[in-house]
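> So the sequences go chain by chain: A and B. Everything in the first sequence is counted per this note's numbering, starting at 50 for the first residue and increasing by one. Everything in the second sequence is counted per this note's numbering, starting at 375 for the first residue and increasing by one.
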Amino acid sequence: MYPSLLNFPGDLFAEVDALQRQMDRLLGSRGSTSSIRAVERGSFPAVNIGSTQDAIEIYVFAPGIDPGRVELTVDKGLLTIAGERQFPRADAGAKTSVYARERVEGTFRRVIALPEDADAERVDANYRDGVLRIRVQRREALRPRRIEVRDAA
Amino acid sequence: MTTPSQDIVERDAAAPEPAALTPTVNITEDDNGITLTADLPGATRDALSLRVDGDTLTLEAPIQLGESATLEPLYVERRAGRYLRSFTLSRELDSTRIDAALKDGVLTLRLPKLEQARPRRIEVRAA
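(1) Measuring CA to CA, which of A:186, A:121, A:200, A:72 is closest to residue 167 (chain A)?
(2) When you compare each of B:495, B:476, B:470, B:413 to residue 488 (chain B) by their alpha carbons, which one comes out closest?
(3) Quick check: the Cα distance between residue 44 (chain A) and residue 468 (chain B), rounded to an integer number of angstroms?
(4) Within a Cβ cutoff of 6 Å, which residues of the same chain sit near residue 394 (chain B), ignoring the five residues on either side of it in sequence?
(5) For residue 69 (chain A), I'd like the list of residues in its chain whose CB is within less than 6 Å of its CB, leaving aside the five on either flank, ordered along the chain.
(6) Are there three or more Cβ pairs, one per stretch, closer than 8 Å when the stretch 102–120 of chain A is compared with the stretch 159–177 of chain A?
(7) Please list, in chain order, all residues of the same chain as residue 176 (chain A) whose beta carbon is under 7 Å from its beta carbon, the five residues on each side excluded.
(8) Since residue 490 (chain B) is in the beta strand (DSSP E), which residue starts that stretch and which ends it?
(9) By the three-class DSSP mapping on this structure, what secondary structure does residue 118 (chain A) have?
(10) Quick check: is the beta carbon of residue 426 (chain B) nearer than 8 Å to any beta carbon in chain A?
(11) If contacts are defined as beta-carbon pairs under 8 Å, then residue 439 (chain B) and residue 416 (chain B) qualify, I think. What distance do you get, rounded to the angstrom?
(12) Taking its Cβ as the centre, do 16 or more other Cβ atoms sit within 10 Å of residue 190 (chain A), making it buried, or is it exposed?
(13) Determine, using beta carbons only, whether residue 434 (chain B) and residue 442 (chain B) come nearer to each other than 8 Å.
(14) Could you check which residue in A:127, A:148, A:113 has the C-alpha nearest to that of residue 170 (chain A)?
(15) Could you tell me the alpha carbon to alpha carbon distance between residue 397 (chain B) and residue 412 (chain B), rounded to whole angstroms?
(16) With a CB to CB cut of under 7 Å and the five nearest residues on each side skipped, what residues in its chain are close to residue 112 (chain A)?
(17) Beta-carbon within less than 8 Å of residue 197 (chain A)'s beta-carbon, same chain only, minus the 5 sequence neighbours each way: which residues are those?
(18) Relative to the C-alpha of residue 97 (chain A), which residue among A:194, A:151, A:182 is closest?
(19) Per DSSP, which one or two residues make a beta bridge with residue 458 (chain B)?
(20) Is it buried or exposed, residue 428 (chain B), if we count other Cβ atoms within 10 angstroms and call 16 or more buried?
(21) Helix, strand or coil: how does DSSP classify residue 470 (chain B) here?
(22) Would residue 499 (chain B) and residue 409 (chain B) qualify as a contact pair, given that the criterion is a beta-carbon distance under 8 Å?
(23) Just verifying my parser: in three-state terms, what is the DSSP assignment at residue 388 (chain B)?
(24) With residue 134 (chain A) as the anchor, note down where its beta strand (DSSP E) starts and where it stops.
(25) Nearest chain B C-beta to residue 165 (chain A) closer than 8 Å, yes or no?
(26) Measuring only between beta-carbons, confirm whether residue 480 (chain B) sits less than 8 Å from chain A.
(27) Does DSSP put residue 516 (chain B) in a helix, in a strand, or in coil?
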């Protein structure tokens, strides 16, 4: 009845998520227009984007990666986050049974379109607790200028 | 017997808790025990809770991103505020000797088997 013994019905959100994924598959997710760079639900890594008045903050949920090997580039208003996740190799000789393999391994790449006022020169990133935090400063809005009306006489 | 959906509704009405995300796990077993690795990005060691209650192991951790107070969400794929997942342990696992390590959002749990549960060769006597 349930696809896996590991997931029990108490988890309402997983059920709604699974149902939404099924609907996406059936309807082809053409019901709502999505960004042209949108990825499939549940791709690794998940990304949250928010903005404050002076910056765009991006949170990439990528546990267990080597931050030194993440490629973070900004080009023509597009922020690209690319990297790879590798699990430590277990010794092949040991007799191991695998019961669950839900964690994603391999290369990943996310592309995010930054808003017009994002300043590509001022990008800051750090990695802590498995979350890559990227902060892109926004250019200050030009203060309204007063234009003097000349006397044309 | 209550149907599963009825059960969920009753349970939900009794204890409204903040939304939880089920973290992805990898589980393998070898001769000496079970190794479980879980993806918990945003979880910190001091806020992570690992509880063994009878034969149920519950893993719970709030997601702490440290966002700016004035942050306005633009695009959110991870909405939930915490991770939550439970497992039923089997009797041959020694729940008093669980080893847990958290690094870069990856939790590695080692559940050793009880001494007497390790695979043993059984000598076949000549009758």
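Even glycine gets a Cβ: it sits at the ideal position worked out from N, Cα and C. Please read all numbers here as calculations on a predicted model, not as lab measurements.
Taking the definition as stated:
(1) The residue labelled residue 167 (chain A) in the question sits at position 118 within the first sequence. Among A:186, A:121, A:200, A:72, the Cα nearest to that of residue 167 (chain A) is on A:186.
(2) Position 114 of the second sequence, counted from the start, is the residue given in the question as residue 488 (chain B). It is B:470.
(3) Given a span of 50 to 202 for chain A in the structure shown, any question on residue 44 (chain A) remains unanswerable.
(4) As a position in the second sequence, residue 394 (chain B) is number 20, starting the count at 1. Same-chain partners within the cutoff: 454, 456, 458.
(5) Residue mapping note: residue 69 (chain A) aligns to position 20 of the first sequence, counting from 1. None.
(6) yes
(7) Taking the first residue of the first sequence as position 1, residue 176 (chain A) is located at position 127. Cβ within range, chain order: 116.
(8) Here residue 490 (chain B) is taken as the residue at index 116 of the second sequence, counted from 1. Careful: residue 490 (chain B) lies outside any beta strand (DSSP E) and carries neither H nor E.
(9) As a first step, residue 118 (chain A) must be located in the first sequence, where it is residue number 69. Three-state result, residue 118 (chain A): helix.
(10) The residue given as residue 426 (chain B) occupies position 52 in the second sequence. Residue 426 (chain B) does not count as touching chain A.
(11) Counting from 1 along the second sequence, the entry for residue 439 (chain B) is found at position 65. Counting from 1 along the second sequence, the entry for residue 416 (chain B) is found at position 42. Between residue 416 (chain B) and residue 439 (chain B) the Cβ distance is about 6 Å, and since that is below 8 Å, they are a contact.
(12) If you number the first sequence from 1, residue 190 (chain A) lands on position 141. Exposed.
(13) Along the second sequence, read from residue 1 onward, the residue named residue 434 (chain B) stands at position 60. Along the second sequence, read from residue 1 onward, the residue named residue 442 (chain B) stands at position 68. Contact flag unset, no.
(14) Numbered from its first residue, the first sequence carries residue 170 (chain A) at position 121. Nearest option by C-alpha distance: A:127.
(15) The residue you call residue 397 (chain B) lines up with position 23 of the second sequence. The residue you call residue 412 (chain B) lines up with position 38 of the second sequence. Rounded to the nearest angstrom, the two C-alpha atoms are 6 Å apart.
(16) To locate residue 112 (chain A), count along the first sequence from 1; it is residue 63. Within the same chain, residue 112 (chain A) has close Cβ partners 179.
(17) The residue labelled residue 197 (chain A) in the question sits at position 148 within the first sequence. Within the same chain, residue 197 (chain A) has no close Cβ partners at all.
(18) Along the first sequence, one-based indexing puts residue 97 (chain A) at 48. That would be A:182, whose Cα lies nearest to the Cα of residue 97 (chain A).
(19) The residue you call residue 458 (chain B) lines up with position 84 of the second sequence. B:434.
(20) What you label residue 428 (chain B) is simply residue 54 of the second sequence in a count that begins at 1. Residue 428 (chain B) should be labelled exposed.
(21) Looking up residue 470 (chain B) in the second sequence gives position 96. Three-state DSSP puts residue 470 (chain B) in a helix.
(22) As a first step, residue 499 (chain B) must be located in the second sequence, where it is residue number 125. As a first step, residue 409 (chain B) must be located in the second sequence, where it is residue number 35. Not in contact: residue 499 (chain B) and residue 409 (chain B) (Cβ atoms no closer than 8 Å).
(23) The count along the second sequence starts at 1 and reaches residue 388 (chain B) at position 14. Its pLDDT being 47, under 50, residue 388 (chain B) is placed unreliably by the model, and the measurement read from it follows with that caveat. It is helical.
(24) Here residue 134 (chain A) corresponds to residue number 85 of the first sequence, with the count starting at 1. Element bounds for residue 134 (chain A): 127–134.
(25) Residue mapping note: residue 165 (chain A) aligns to position 116 of the first sequence, counting from 1. By this cut-off, residue 165 (chain A) is not an interface position.
(26) Along the second sequence, one-based indexing puts residue 480 (chain B) at 106. Output row for residue 480 (chain B): interface = yes.
(27) Nothing can be reported for residue 516 (chain B), as the shown portion of chain B is limited to 375 through 501.
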